[in-house]
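> Have a look at this one.
Chains as they are written, first to last, in my numbering: chain A, 4 to 398; chain B, 4 to 398.
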């Protein structure tokens with residue numbers, strides 16, 4: 004039998020990852036790739052994590068190898084609650100935290116727990132492509148809201164909320180893919196629009212701590228909206244390879260259902276890694292470690308925008324990142340970044356064309372570039388190659 | 004807003020885990036618990052795994068901490084293919100294997116990729132309770148097939164296949180919860196019934212290697228049926244805490260969709276642990292290690308059935324395990340194991356009543372007992388307590 008006939012409607016509605024395809028094409032060692040979203044390996048505290056492995060095996064023995072509880076290691080949940088209370092003035096206990104297998108799993112779980120086929124989901128336009136994937140399995144109706152320099156367009160948000168919407172999914176800090184951050188004013192307006200609605204507000208915040216300068220903006224929902232969910236991860240600050248993220252919510256009833264979905268999904272997150280990360284956090288200064296990562300990424304971001312200033316034709320626009328891992332390039336209207344991609348590969352430079360970050364848009368004139376996983380010299384050379392191509396194209 | 008109103012139909016259809024509730028009640032240190040499904044901690048090669056951690060960090064550096072590919076570590080996939088080819092005469096390459104976050108995630112993925120609401124799923128009666136959970140999220144129609152001493156009832160299977168069924172889910176070796184193994188004859192009959200149908204055959208085999216005596220029976224679908232899926236795990240042979248399982252299929256087109264679902268679910272399985280387990284397997288003799296686990300579990304199983312022979316009233320029946328981790332007790336008809344449970348807890352002994360292993364059956368006269376996670380003396384004492392209670396009840 005044709006495999007196609009066996010498939011669910013949900014999986015058929017789920018776009019395959021464009022990035023995976025790209026990464027293969029970009030795996031030629033001569034290609035300078037800004038396509039992936041990889042942290043710089045120097046952000047992994049390898050020696051300290053190795054020390055933590057030894058310590059937890061010696062101290063907790065078989066507990067670090069045995070089955071464990073679905074919600075996650077209580078000590079790690081407590082650490083997360085304490086940290087968010089200290090940094091962001093939230094009122095959390097360990098009961099407000101569930102450990103997930105990367106924050107990608109959190110997207111899967113909220114989709115499962117909140118969405119039936121045809122339910123509405125509000126997302127940014129553009130938004131994180133793997134969130135589109137995770138939610139698409141439930142076959143929702145997406146309502147994309149324009150993302151401006153200030154954040155979500157409030158008028159569009161109000162209009163979209165006329166529809167039967169289950170949740171709003173937003174990445175307010177150093178957004179993936181654009182690198183944009185919502186202003187304080189925009190956050191207040193969104194809060195005011197959402198606060199009396201029966202809708203869950205999901206803030207995905209993997210990059211908030213990678214803030215190059217200034218203060219972390221207050222959360223829109225966390226600590227304020229009763230049905231808010233805040234997602235976090237250790238992937239950008241400790242290690243992505245150990246797939247350790249978390250869900251924070253003050254709605255413990257909702258967490259109970261997320262926990263049932265998690266149990267059905269993988270029983271619990273790798274407890275060995277939970278012990279190791281918890282021990283690392285207890286015995287090292289995470290703030291100091293993050294400060295080093297930020298200094299590095301700021302330098303690399305600067306190298307990229309400096310090179311763009313120099314090599315890109317003036318008709319090409321780009322965001323200037325204040326944190327996070329990405330910047331967003333806008334070509335003149337009518338120029339497809341997707342059709343630029345194979346030409347760029349020929350010139351040995353790669354990026355992600357905008358298309359997979361939108362719902363149902365093709366040949367967008369935008370592209371995402373990552374600056375965290377290459378040194379400054381490589382960044383300059385890659386942008387020079389891309390700039391030359393753009394100049395030729397826009398001649 | 005009431006949280007209930009926010010929930011999807013899928014999560015409302017998913018039974019919460021009965022075992023979790025029980026485990027809490029049974030966490031009193033005076034209670035002898037046969038309720039969980041925990042391997043004996045001696046089955047964890049702690050020192051060897053610690054050596055592997057050090058070796059892979061020294062050898063592969065940041066690769067073990069970075070993001071990785073969705074299908075899993077190629078070397079580990081190759082190891083699995085080679086092992087199954089050697090032991091079970093299968094024709095696998097690494098491309099036939101996807102690494103999953105425990106084999107529980109494999110259940111989640113097959114549900115997502117194959118099931119739409121209302122699709123038919125054939126399961127054993129009784130079956131693994133967390134498979135019921137994982138599939139229930141997709142709201143299928145379950146067709147439970149009586150599990151006899153020989154395996155699945157073939158007549159019932161043929162009848163159930165008249166319905167629009169997407170897949171058959173079976174645990175042919177040392178089944179959870181019953182401990183039963185399908186006979187060679189039964190396997191042939193099932194193969195004959197299934198072979199010309201447009202249906203996926205899923206063999207879940209976490210316990211097959213824990214075979215106390217005799218040969219591993221041939222697989223029903225793997226290597227024979229084009230749309231067969233074989234699930235395996237390192238949870239019972241190396242460590243469950245690292246959540247490393249795998250999907251094997253010769254249908255690589257189907258694997259492609261399972262991989263898309265996995266990417267949307269958690270991007271990839273913890274790569275640190277994949278490296279560690281692969282290095283452990285490469286540098287140690289797994290067969291020798293498994294032989295030790297089997298000898299231990301056989302002794303413990305014997306202690307349990309010996310104690311049952313001695314302390315249980317003759318009207319109570321139980322399976323005699325030849326492998327795996329569980330045995331299955333059948334009380335006289337009309338006696339509810341569920342209502343026995345609180346009385347057993349009072350006597351400081353715990354088990355899992357049969358109910359959660361069935362679709363829509365309450366007050367079943369059956370219960371599952373685990374014998375792997377207690378020493379022989381504790382097993383005898385626990386069975387003595389349970390036996391006394393049963394004698395009183397059946398007086």
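Cβ coordinates follow ideal geometry from the N, Cα and C atoms, glycine included.
Being a predicted model, the structure only gives us computed values, none of them experimental.
Rounded to a whole number of angstroms, what is the C-alpha to C-alpha distance between residue 133 of chain B and residue 87 of chain A?
33 Å
> Identify the contact partners of residue 108 of chain A in chain B, using a Cβ-Cβ distance below 8 Å as the criterion.
268, 269
> Hey, how far is the Cα of residue 137 of chain B from the Cα of residue 71 of chain B?
26 Å
> Since residue 155 of chain A sits in a beta bridge, which residues does DSSP pair it with?
A/150
> Which word fits residue 152 of chain B, buried or exposed, when buried means at least 16 other C-beta atoms lie within 10 angstroms of its C-beta?
Here residue 152 of chain B is exposed: its Cβ has fewer than 16 other Cβ atoms, across all protein chains shown, within 10 Å.
> Under 9 Å, CB to CB, which of the residues in the stretch 227 to 245 of chain A have a partner in chain B?
229, 230, 238, 241, 242, 243, 244, 245
> Less than 7 Å separating the Cβ of residue 346 of chain A from some heavy atom of the ligand PLP?
Of ligands this structure carries none, so the ligand PLP is not represented either.
> At which residues does the beta strand (DSSP E) containing residue 126 of chain B begin and terminate?
Boundaries of the beta strand (DSSP E) around residue 126 of chain B: 123 to 128.
> Tell me the DSSP secondary structure of residue 257 of chain A in three-state form.
Of the three classes helix, strand and coil, the one that applies to residue 257 of chain A here is helix, per DSSP.
> Step through the CB atoms of chain A and report whether any lies within less than 8 Å of the CB of residue 64 of chain B.
yes
> Less than 8 Å between the beta carbons of residue 209 of chain B and residue 106 of chain B, yes or no?
yes
> Would you list, in chain order, the members of the stretch 253 to 267 of chain B that have their beta-carbon closer than 7 Å to a beta-carbon of chain A?
254, 256, 257, 260, 263, 264, 266, 267
> Would you call the CB atoms of residue 353 of chain B and residue 36 of chain B closer than 8 Å?
yes
> Expressed to the nearest angstrom, what Euclidean distance is found between the alpha-carbon atoms of residue 323 of chain B and residue 211 of chain B?
16 Å
> Using the beta-carbon of each residue, which ones in chain A are nearer than 9 Å to residue 169 of chain B?
9, 11
> Leaving out five residues before and five after residue 116 of chain B in sequence, what residues of the same chain have Cβ atoms less than 6 Å from its Cβ?
260, 261, 264
> Residue 388 of chain A: which of A/241, A/192, A/34, A/15 sits nearest, CA to CA?
A/34
> Can you pull the DSSP bridge partners for residue 206 of chain A?
A/173, A/233
> Pull up the distance between the alpha-carbon of residue 57 of chain B and that of residue 55 of chain A, whole angstroms please.
12 Å
> By the DSSP assignment, the alpha helix (DSSP H) with residue 189 of chain B in it spans what residues?
187 to 197
> Indicate whether residue 267 of chain B and residue 111 of chain A have their beta-carbon atoms separated by less than 8 Å.
yes
> Given this structure, state the Cα-to-Cα distance separating residue 372 of chain B from residue 366 of chain A, to the nearest angstrom.
59 Å
> Going by DSSP, which residues form a beta bridge with residue 321 of chain B?
B/332
> From B/351, B/349, B/368, pick the residue whose C-alpha is nearest to that of residue 358 of chain B; which is it?
B/368
> In terms of residue numbering, what span does the alpha helix (DSSP H) encompassing residue 104 of chain B cover?
No alpha helix (DSSP H) holds residue 104 of chain B; the beta strand (DSSP E) holding it covers 100 to 104.
> Go through its chain and collect everything with a Cβ distance to residue 47 of chain B's Cβ below 7 Å, but skip five positions before and after it.
242
> Closer than 7 Å between beta carbons: that is the criterion. Which residues of the stretch 98 to 122 of chain A meet it against chain B?
Considering only beta carbons, the part of the stretch 98 to 122 of chain A lying closer than 7 Å to chain B consists of 104, 105, 107, 108, 111, 115, 116, 117, 118, 119, in chain order.
> Check the C-beta distance from residue 272 of chain A over to residue 103 of chain A and give it rounded, since I have them as a contact under 8 Å.
Confirmed, Cβ separation roughly 6 Å.
> With 8 Å as the limit, tell me which residues of the stretch 269 to 300 of chain B have their beta carbon closer than that to any beta carbon of chain A; keep them in chain order.
269, 270, 271, 272, 273, 274, 275, 276
> Give the residues of chain B in contact with residue 19 of chain A, contact being defined as C-beta atoms less than 7 Å apart.
263
> Using a Cβ-Cβ distance under 8 Å, would residue 126 of chain B count as near chain A?
no
> For the beta strand (DSSP E) containing residue 248 of chain A, list its first residue and its last residue.
First-last of the beta strand (DSSP E) with residue 248 of chain A: 247 to 252.
> With H, G and I counted as helix, E and B as strand and the rest as coil, what does DSSP make of residue 52 of chain A?
Judged by DSSP in its simplified three-state form, residue 52 of chain A adopts helix.
> Taking the alpha carbon of residue 318 of chain A as the point to measure from, which residue in A/218, A/398, A/344 has its own alpha carbon closest?
A/398
> Terminal residues of the continuous beta strand (DSSP E) containing residue 93 of chain A?
Run containing residue 93 of chain A: none; DSSP gives neither H nor E here.
> Leaving out the 5 sequence neighbours to the left and right, which residues in its chain are closer than 8 Å to residue 128 of chain B when beta-carbon positions are compared?
147, 148, 149, 150, 361, 362
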